[in-house]
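Asks: If you read the sequence shown in my numbering, its first letter stands for residue -8, the second for the next number, and so on.
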Amino acid sequence: MKTTTHTLRKLKGQRPIAAVTAYDAITARYANEAGVDMILVGDSVGNTLLGFENTVAVTLEMMCHHTAAVMRSKPAALVAADVPFGEAHYDFERVLGACQRLMQEAGAEAVKIEGGASLAPTVARLTEAGVPVWGHIGLKPQQVYSLGRYRKFGGSPAEAGHKQPH
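#1: Would you check if the segment 35 to 45 and the segment 78 to 96 touch, i.e. whether three or more CB-CB distances between them fall below 8 angstroms?
#2: If you drop the 5 nearest sequence neighbours on each side, which residues of the same chain put their C-beta closer than 8 angstroms to that of residue -6?
#3: Does DSSP classify residue 71 as helix, strand or coil?
#4: Could you check whether residue 97 and residue 115 sit closer than 8 angstroms to each other, using their CB atoms as the reference points?
#5: Closest to residue 7 by CA distance: which of 19, 26 and -8 is it?
#6: Candidates 54, 124 and 2: which alpha carbon is nearest residue 103's?
#7: Helix, strand or coil: how does DSSP classify residue 110 here?
#8: Pick helix, strand or coil for residue 104, following the three-state DSSP scheme.
#9: If residue 99 and residue 58 are in contact, beta carbons under 8 angstroms, what's the gap, nearest whole angstrom?
#10: Is it true that the CB of residue 53 sits closer than 8 angstroms to the CB of residue 32?
#11: In terms of residues, what are the limits of the alpha helix (DSSP H) holding residue 94?
#12: Assign residue 151 to one of three DSSP states: helix, strand, or coil.
#13: Hey, could you find the ends of the beta strand (DSSP E) residue 11 is sitting in?
#14: Taking C-alpha atoms, which residue in 3, 2 and 18 lies nearest to residue 64?
#15: How close, in whole Å, do the beta carbons of residue 51 and residue 75 come, if the pair is a contact with beta carbons under 8 angstroms?
#16: Return the first residue and the last residue of the alpha helix (DSSP H) that residue 40 is part of.
#17: Note down the Cα distance separating residue 22 from residue 60, rounded to an integer number of angstroms.
Below, the structure is given as structure tokens:
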């Protein structure tokens, strides 16, 4: 049975939701055989497969290419694609256009956007337009240049009262 956003909502609090990252049809096929609920086509393809130093160099075209490869495996898992560096910070029409390409051309069933409260109005408009959005908190690889290095930001509720080391 195909996992949908509705399926995932029903699973919340019932059991852990299993998610993995895949960048190609073969890895997505293995993930599907393992029975994962979600597959993320992450912009981490840049530093894990493409040889970039970080995720910043990954383009929308690259994300469409890798998302389409994952979708060709016809996974039962819901497939979400990363919106690459900078795209979510443009005007709404451009952000919607990027999401539209990831969904219509590449076949993504949701998008993942890295950001915080400043992107909430954009996310609200995207969901109103029918784009399922997976939020990203914690480590924000797309901000590596402004941070100077990777470091942990978010945490579990148990860690909420504890200051994270920098």
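Glycine included, C-beta positions come from ideal geometry on N, C-alpha and C.
Replies: Per the coordinate set shown:
#1: At 8 angstroms Cβ cutoff, the stretches do not touch.
#2: As a first step, residue -6 is located in the sequence shown; it is residue number 3 there, counting from the start. Closer than 8 angstroms at Cβ, skipping near neighbours: 28, 29, 67, 68 and 69.
#3: Within the sequence shown, the letter at position 80 stands for residue 71. Residue state, collapsed to three classes: strand.
#4: Mapped onto the sequence shown, residue 115 falls at position 124. Mapped onto the sequence shown, residue 97 falls at position 106. Between residue 115 and residue 97, the CB-CB gap reaches or exceeds 8 angstroms.
#5: The residue given as residue 7 occupies position 16 in the sequence shown. It is 26 whose Cα lies nearest to the Cα of residue 7.
#6: Mapped onto the sequence shown, residue 103 falls at position 112. With distances taken between CA atoms, residue 103 lies nearest to 124 out of 54, 124 and 2.
#7: Locating residue 110 in the sequence shown gives position 119, counting from the first residue. The DSSP-derived three-state label of residue 110 is helix.
#8: Position 113 of the sequence shown, counted from the start, is the residue given in the question as residue 104. Here DSSP, grouped into helix, strand and coil, assigns residue 104 to strand.
#9: What you label residue 99 is simply residue 108 of the sequence shown in a count that begins at 1. What you label residue 58 is simply residue 67 of the sequence shown in a count that begins at 1. So it is a contact: roughly 5 angstroms between Cβ atoms.
#10: For the purposes of this step, residue 32 is taken as the residue at position 41 of the sequence shown. For the purposes of this step, residue 53 is taken as the residue at position 62 of the sequence shown. Cβ distance not < 8 angstroms, so residue 32 and residue 53 don't count as in contact.
#11: By 1-based counting over the sequence shown, the position of residue 94 is 103. The continuous stretches of alpha helix (DSSP H) do not include residue 94, and DSSP gives it neither H nor E.
#12: Position 160 of the sequence shown, counted from the first residue, corresponds to residue 151. Caution is warranted here: a pLDDT of 48 is assigned to residue 151, below 50, making its placement in the model unreliable, and no coordinate value can be reported.
#13: Numbered from its first residue, the sequence shown carries residue 11 at position 20. Where residue 11 is concerned, the enclosing beta strand (DSSP E) stretches over 10 to 12.
#14: In the sequence shown, counting from the first residue as 1, residue 64 sits at position 73. Residue 64 has its Cα closest to that of 18, out of 3, 2 and 18.
#15: In the sequence shown, the residue the question calls residue 51 occupies position 60. In the sequence shown, the residue the question calls residue 75 occupies position 84. Between residue 75 and residue 51 the Cβ distance is about 6 angstroms, and since that is below 8 angstroms, they are a contact.
#16: Numbered from 1 along the sequence shown, position 49 holds the residue referred to as residue 40. Premise fails: residue 40 is in no alpha helix (DSSP H) and is neither H nor E.
#17: Working through the sequence shown from its first residue, we reach residue 22 at position 31. Working through the sequence shown from its first residue, we reach residue 60 at position 69. Residue 22 and residue 60: Cα-Cα distance of roughly 14 angstroms.
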